[in-house]
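First up is the structure itself, then whatever we jot down about it.
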Amino acid sequence: MNSDVSNVTEAAGQSQRLSGVDSGVVKVSSAANESGRATRRKSGNEPGNEPGNEPGIAAKNITVTYNNGHTALRDASFSIPNATICALVGVNGSGKSTLFKALMGFVPLASGSVEILGKSAGRALKRNTVAYVPQNEDVDWDFPVLVEDVVMMGRYGHMNFLRRPSAKDRSQVESALQRVNMWEYRHRQIGQLSGGQKKRVFLARALAQESRVILLDEPFTGVDVKTEESIIALMRSMRDEGRVMLVSTHNLGSVPQFCDHVVLINRTVLADGPADVVFTRKNLEHAFGGVLRFHVLGGHELHDDDDAREVTVITDDERPFVLYGENDDAPEHQSFDKD
Amino acid sequence: MLELLIAPFTIDFMQQAMLTAVLLSVASAVLSCFLVLRGWALMGDAISHAVLPGIVLAYASGIPVVIGAFVAGMICTLATGYLSENSRLKEDTVMGVVFSGMFGLGVVLFSVMRIDVHLDEILFGDILGLTWADVLQTGLVALAASVIIWFQRKDLLVQCFDPQHARVIGLPVKALHYGLLVLLSIVIVTALKVVGIILIIALLIAPGAIGYLMTDRFDAMLFYAVAAATISSVLGIVISFVLDSAPAPTIVLVLMFIFVLVFLFAPVHGLIGGRRARRTAVEPQFH
Chain A
0 MNSDVSNVTE AAGQSQRLSG VDSGVVKVSS AANESGRATR RKSGNEPGNE
50 PGNEPGIAAK NITVTYNNGH TALRDASFSI PNATICALVG VNGSGKSTLF
100 KALMGFVPLA SGSVEILGKS AGRALKRNTV AYVPQNEDVD WDFPVLVEDV
150 VMMGRYGHMN FLRRPSAKDR SQVESALQRV NMWEYRHRQI GQLSGGQKKR
200 VFLARALAQE SRVILLDEPF TGVDVKTEES IIALMRSMRD EGRVMLVSTH
250 NLGSVPQFCD HVVLINRTVL ADGPADVVFT RKNLEHAFGG VLRFHVLGGH
300 ELHDDDDARE VTVITDDERP FVLYGENDDA PEHQSFDKD
Chain B
0 MLELLIAPFT IDFMQQAMLT AVLLSVASAV LSCFLVLRGW ALMGDAISHA
50 VLPGIVLAYA SGIPVVIGAF VAGMICTLAT GYLSENSRLK EDTVMGVVFS
100 GMFGLGVVLF SVMRIDVHLD EILFGDILGL TWADVLQTGL VALAASVIIW
150 FQRKDLLVQC FDPQHARVIG LPVKALHYGL LVLLSIVIVT ALKVVGIILI
200 IALLIAPGAI GYLMTDRFDA MLFYAVAAAT ISSVLGIVIS FVLDSAPAPT
250 IVLVLMFIFV LVFLFAPVHG LIGGRRARRT AVEPQFH
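So the protein lines, in turn, are chains A and B.
Letter by letter, the first sequence follows residues 0 to 338 of numbering that gives the first Met the number 0.
Letter by letter, the second sequence follows residues 0 to 286 of numbering that gives the first Met the number 0.
In structure tokens form, the structure reads like this:
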């Protein structure tokens, strides 16, 4: 957490300290991160990877209408280059999960088309190109399967009709589990794992599946900051192997930290492109409407001198706890909340 | 006393009853593991009741009972699916309405059509009145159902556990879904002569529940389920012979007794047995 704090201070180039105490560690540090990133981007030195130009995922004018007549996505288009980590950002009900379903071919498209690695979505699925990492809440953790069973499920698409694992299947499972540091846990029932371990098992399944395109649904929900960082490190290494990851998230603070690319949606794609171009205050306001909260720290709230700089904290539905003062024990100003 | 216990194994109709019950137990136990994991307990109950009008109509028109029951079972599941998709009602609500309606229709049809079968035989089975032809038919169908489920168990398991993953890796999810329903109908019809349509639900749920409490591995769960079902069939029939009680309810009672034992004393998940075995997860170092 302290490194987050120093990040902010460095980037903002100011001597004041923005810091948090132990309660609400996650919130505080994500808020601090956010402001750090926001400031850094302003100064234009965001360390970025240069993604290639080949098509990873390309959606053209897709419209999805459910049986009950509800149109969840209308005329949505975006494209994500290969070897990219892309955030899918939007409020609840903005169509994030519908977009995932459309990419996986679970819902019929009323119009438009999806291409994955230059092939139609249907053909890509048949070739095991796409892997899906479900939300922790969507999994029945009491299910009688062990860690190694779950990862082996990633191999089923490569096996024959009887799903008898070959030596290659076993070695893929082992290397996937080794890579996420879960090999020693292979004989655990999945419910006996912590939140971060559970996530890693499903990432290992995607690795064992040898998918080039991985869709992750809210991977950071219920995961502590340290684990979040280790998952991000793993995702980066997977990106460097040329994989495309589309990550739905409402954790705005970590988006600039790990994403090269951002797709902002609300019933349609509002903006898509490199994170430092798209992930801006203006676009976020557009995507989140009234849900977004801004917390601007400036003037006499932040400085005793007439420094004009401000710290802006942006969150969606979570209220940040921000402390400001000479030291952590005796804050002069506490949390504030301007809707 | 010993003679009384051995006697059931020497009498012809008792041998037939036992053989049929064991074969049916294996099929229903294997199937019950999937029903328990999918949360399809009510589905099993619904289909087993809903087959009644199909059975009555099949008897009346002389077509094989299996076909009538199967068609009725499918109508029940399809109607349930259609109604819950096209209304604001939840699936279990719709299912309750559909299956009780169909059961009622079956009873009314039965009284109107005057077929020469006792309603009791359909509702509670007639395990002591089997012929070798019945044994052969029931046994073959039960065996076929067990073998199919055994070979498809991995795909079925993925679909139970993570349906989205099943689709994404290209498993035939629709075929698996309806295939399981077809197998469920077939096993219910097979069970008709053995335990009847009222008590089949016990054989379709309890073995899976017992397996689920016993272990964290699916293949082991299958084993425990089959063991529990087989033991209770044999024991139930022997006890019913000794006590001169109805065989089907006795089988169910033995099964429930095993369930209670497992509920209390299962190694990890039992109420008492698991108390000292709780393990905790420890976060390992990561990169």
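Heads up, the beta-carbon is just placed ideally off N, CA and C, and yes, glycines get one too.
For Val134(B), tell me which candidate among Pro248(B), Thr9(B), Val21(B), Phe258(B) has the shortest Cα-Cα distance.
Val21(B)
First and last residue of the uninterrupted beta strand (DSSP E) at Val129(A):
129 to 132
Contact check, Leu51(B) vs Val186(B), beta carbons under 7 Å
no
What number of angstroms, rounded off, separates the C-alpha of Met73(B) from the C-alpha of Ala40(B)?
16 Å
Using CA atoms only, rank isn't needed, just tell me which of Leu142(B), Val251(B), Pro171(B), Tyr177(B) is closest to Pro206(B).
Taking Pro206(B) as reference, the option from Leu142(B), Val251(B), Pro171(B), Tyr177(B) with the minimal CA-CA separation is Val251(B).
Closest to Gly210(B) by CA distance: which of Pro266(B), Ile121(B), Phe150(B) is it?
Closest by alpha carbon: Pro266(B).
Report the partner residues of Arg292(A) according to the DSSP bridge assignment.
Under the DSSP definition of a beta bridge, Arg292(A) partners with Thr314(A).
Gly111(A) lies in the beta strand (DSSP E); which residues open and close that run?
110 to 115
Using a Cβ-Cβ cutoff of less than 8 Å, which residues in the same chain neighbour Pro63(B) once the five nearest sequence positions on both sides are dropped?
Ala57
Three-state class that DSSP yields for Glu9(A) in the structure shown:
Reliability fails at Glu9(A), whose pLDDT of 37 lies under 50, so the model's placement of it is uncertain and the value that follows must be treated cautiously. In this structure, Glu9(A) counts as helix in the three-state DSSP scheme.
Same chain, Cβ closer than 7 Å to Leu170(B), neighbours up to 5 away in sequence not counted
Asp154, Val157, Gln158
Leaving aside the five residues before and after Thr267(A) along the sequence, list all residues of the same chain whose C-beta is less than 7 Å from its C-beta, in chain order.
Leu72, Arg73, Asp74, Ala75
Measuring CA to CA, which of Pro7(B), Val259(B), Ser232(B) is closest to Ala247(B)?
Ser232(B)
Verify the CB distance criterion: does Asp305(A) have a CB-CB separation below 7 Å to chain B?
Answer no: the Cβ-Cβ gap between Asp305(A) and chain B never drops below 7 Å.
Keeping to the same chain, check which residues put their C-beta closer than 8 Å to that of Ile271(B); ignore five residues upstream and five downstream.
Leu263, Phe264
Going along the chain, which unbroken runs of the alpha helix (DSSP H) with 4 or more residues stay wholly within the segment 207 to 285 of chain A?
224 to 239, 254 to 257, 274 to 277
Among Ala286(A), Met151(A), Glu173(A), the one whose alpha carbon lies nearest that of Pro163(A)
Checking the displayed sequence, the identity of residue 163(A) turns out to be Arg instead of Pro. Selected option, being the one with the closest Cα: Met151(A).
So, Gly70(B) versus Gly53(B), is the Cβ gap smaller than 7 Å?
The sequence shown places Val at residue 70(B), not Gly. The answer is yes: Cβ separation under 7 Å.
Within a Cβ cutoff of 6 Å, which residues of the same chain sit near Asn265(A), ignoring the five residues on either side of it in sequence?
Gly89, Ser93, Ala286
Kindly say whether Arg321(B), judged by its beta-carbon, lies nearer than 7 Å to any beta-carbon of chain A.
Any property of residue 321(B) remains undetermined from this structure, which presents chain B solely from 0 to 286.
Locate the beta strand (DSSP E) running through Ser78(A), then write down its first and last residues.
It spans 70 to 80 - the beta strand (DSSP E) in which Ser78(A) sits, taken as one unbroken run.
For Gly195(B), which three-state DSSP category applies?
The answer is helix: DSSP assigns Gly195(B) an H, G or I state.
Note down, in chain order, each residue of its chain lying with its Cβ closer than 6 Å to the Cβ of Val24(A), except the 5 sequence neighbours on either side.
Interpretation of Val24(A) is limited by its pLDDT of 33, a score under 50 that renders its predicted location unreliable; the figure taken from the coordinates is listed afterwards. Around Val24(A): no qualifying Cβ.
Please go through the segment 35 to 122 of chain B and give each complete alpha helix (DSSP H) segment of 4 or more residues, from N-terminal end onward.
40 to 49, 51 to 60, 64 to 84, 90 to 112
Measure how close the beta-carbons of Ser247(A) and Leu87(A) come, nearest whole angstrom, since I'm counting them as under 8 Å.
4 Å
Which two residues bound the contiguous alpha helix (DSSP H) that contains Pro310(B)?
Residue numbering for chain B in the displayed model covers 0 to 286; residue 310(B) lies beyond these limits and cannot be assessed.
Could you tell me the distance, in whole angstroms, from the CA atom of Phe219(A) to the CA atom of Thr226(A)?
Between the alpha carbons of Phe219(A) and Thr226(A) lies a distance of about 9 Å.
Could you give the distance in angstroms between the alpha-carbon of Ile313(A) and the alpha-carbon of His69(A)?
31 Å
So if DSSP puts Pro7(B) in a beta bridge, which residue, or which two residues, is it bridged to?
Note: Pro7(B) sits in no beta bridge, so no partner.
Classification of Asp161(B) by the beta-carbon crowding that lies within 10 angstroms, buried from 16 upward
buried
Quick check on Asn250(A): buried or exposed, where buried means 16 or more other Cβ atoms within 10 Å of its Cβ?
buried
So, does the CB of Leu124(A) fall closer than 7 Å to a CB anywhere in chain B?
yes
Leu263(A) vs Leu214(A) beta-carbon contact at 7 Å
no
Backbone CA spacing between Leu102(A) and Gln196(A) [nearest angstrom]
27 Å
Shorter than 7 Å from the beta carbon of Leu220(B) to some beta carbon of chain A?
Sequence check: residue 220(B) is Met here, not Leu. For Met220(B), the answer is yes, since a Cβ of chain A falls inside 7 Å of its Cβ.
Take Pro143(A) as the anchor and find which of Thr79(B), Gly273(B), Phe33(B), Ser99(B) has the nearest alpha-carbon.
Phe33(B)
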